[in-house]
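This report concerns only the one structure given below.
Number of protein chains: 2
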Amino acid sequence: MEKSKSVKIDVDENCPVRGILDRFGDKWSTLILLLLGESSVLRFNEIYKMIPGISQKMLTVSLKTLEEDGLVKRTVYPQIPPRVDYELTPRGMSLLPHIQNLVKWANENRLNILQSRETHRL
Amino acid sequence: MEKSKSVKIDVDENCPVRGILDRFGDKWSTLILLLLGESSVLRFNEIYKMIPGISQKMLTVSLKTLEEDGLVKRTVYPQIPPRVDYELTPRGMSLLPHIQNLVKWANENRLNILQSRETHRL
DNA sequence: CGGTATCCCTAACGATACTG
DNA sequence: CAGTATCGTTAGGGATACCG
Numbered sequence: 018m019e020k021s022k023s024v025k026i027d028v029d030e031n032c033p034v035r036g037i038l039d040r041f042g043d044k045w046s047t048l049i050l051l052l053l054g055e056s057s058v059l060r061f062n063e064i065y066k067m068i069p070g071i072s073q074k075m076l077t078v079s080l081k082t083l084e085e086d087g088l089v090k091r092t093v094y095p096q097i098p099p100r101v102d103y104e105l106t107p108r109g110m111s112l113l114p115h116i117q118n119l120v121k122w123a124n125e126n127r128l129n130i131l132q133s134r135e136t137h138r139l
Numbered sequence: 018m019e020k021s022k023s024v025k026i027d028v029d030e031n032c033p034v035r036g037i038l039d040r041f042g043d044k045w046s047t048l049i050l051l052l053l054g055e056s057s058v059l060r061f062n063e064i065y066k067m068i069p070g071i072s073q074k075m076l077t078v079s080l081k082t083l084e085e086d087g088l089v090k091r092t093v094y095p096q097i098p099p100r101v102d103y104e105l106t107p108r109g110m111s112l113l114p115h116i117q118n119l120v121k122w123a124n125e126n127r128l129n130i131l132q133s134r135e136t137h138r139l
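Protein chains in written order, with my numbering: chain A, 18 to 139; chain B, 18 to 139.
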């Protein structure tokens, strides 16, 4: 047995891990992944309506980068009016549980954290 | 059995979960948590040297918000020159494995993601 | 040593208008 | 319906100088 499980932290400038994680460390991407994880397939406007506060632009941008990273699959049905479906890829699905775990942790620790912030302000 | 395991996604404007996760969705906080997870106790300057590219300001800010959320404990030794130690709290430790899992996932999927980005550019 | 305080700049994001 | 294009704002973060 080694001294540490050591996830091997690469702290380098061009840290390769950060280049990956930063992509869904943004404001909306994790939320989109969670929604697609629950609904399996969603149209653009469905996601749009499910996320109050997001702009059409940011939804487009977020979906595009998720697609670039191969986490989300985009399917266009060439009809009028057009129809575009979004769903998780296997890779996206492999990421999903980790995000869900984070959300779960956040829910479990929310109240305590908020209280910490309060008492810290005094 | 219910239809879904349902991590319960709160998509509301004032989504409480986002208010938590956004705090370490920033540029440096997760990295600091990982380092403290490996080293257990570190002084300010030790962390500073371990993270090339971080500014003194951002290290201060990041540590402060981590402390506010009760994820990191700050201990001041009133001597000259001063000495300040940082370590994970139990709450910080409970978060650590989830971040490590994300890093692990990122490492495992790094190459494939980079390739996805490439082929997508064509 | 371990921070503040200040200034500045860029990237992220939002709002609005337009399009195939 | 599902986007683009353009513009304006703002918050994150870097550089530098100073302090107890």
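We treat Cβ as the ideally placed atom computed from N, Cα and C, and that holds for glycine. No experiment lies behind these values; they were computed from the predicted model shown.
Contact set for residue i: own chain, Cβ-Cβ below 8 Å, skip 5 residues either direction
i                 : result
Met110 of chain B : Gly54
Met67 of chain B  : Leu52 and Leu59
Tyr65 of chain A  : Ile71, Gln73 and Leu76
Ser46 of chain A  : Arg40, Ser79, Thr82 and Leu83
Ser8 of chain B   : Lying before the first or after the last residue shown, residue 8 of chain B is absent from chain B, which here runs from 18 to 139.
Minimum Cβ-Cβ distance from residue i to chain A less than 9 Å
i                 : result
Asp102 of chain B : no
Ser72 of chain B  : no
Arg60 of chain B  : no
Pro33 of chain B  : yes
Glu84 of chain B  : yes
Val93 of chain B  : no
Leu119 of chain B : yes
Asn129 of chain B : yes
Leu112 of chain B : yes
Nearest-angstrom Cβ-Cβ length linking residue i and residue j, presumed shorter than 8 Å
i                 : j                 : result
Arg108 of chain B : Val101 of chain B : 20 Å between Cβ atoms; not a contact.
Ile140 of chain A : Ile37 of chain B  : Residue 140 of chain A is absent from the structure shown; chain A starts at 18 and stops at 139.
Leu119 of chain A : His115 of chain B : 5 Å
His137 of chain A : Glu125 of chain B : Contact flag wrong, Cβ pair sits at about 37 Å.
Neighbour flag for residue i against chain B, beta carbons, 9 Å
i                : result
Leu48 of chain A : yes
Leu80 of chain A : no
Lys90 of chain A : no
Leu38 of chain A : yes
Sequence-distant residues of its chain with Cβ nearer than 6 Å to residue i (five each side left out)
i                : result
Gly87 of chain A : Thr106 and Arg108
Glu19 of chain B : Low confidence applies here, because Glu19 of chain B scores a pLDDT of 39, under 50, leaving its location unreliable; read the following figure in that light. For Glu19 of chain B, where only same-chain residues beyond five positions count, there are no Cβ hits under 6 Å.
Close beta carbons around residue i, own chain, < 7 Å, minus the five adjacent residues each side
i                 : result
Val135 of chain B : One point to set straight first is that residue 135 of chain B is Glu, not Val, in the sequence displayed. Result list for Glu135 of chain B: empty, nothing under 7 Å.
*Any chance you could list the alpha helix (DSSP H) runs of at least 4 consecutive residues sitting entirely within the segment 56–110 of chain B, in chain order?*
61–67 and 73–85
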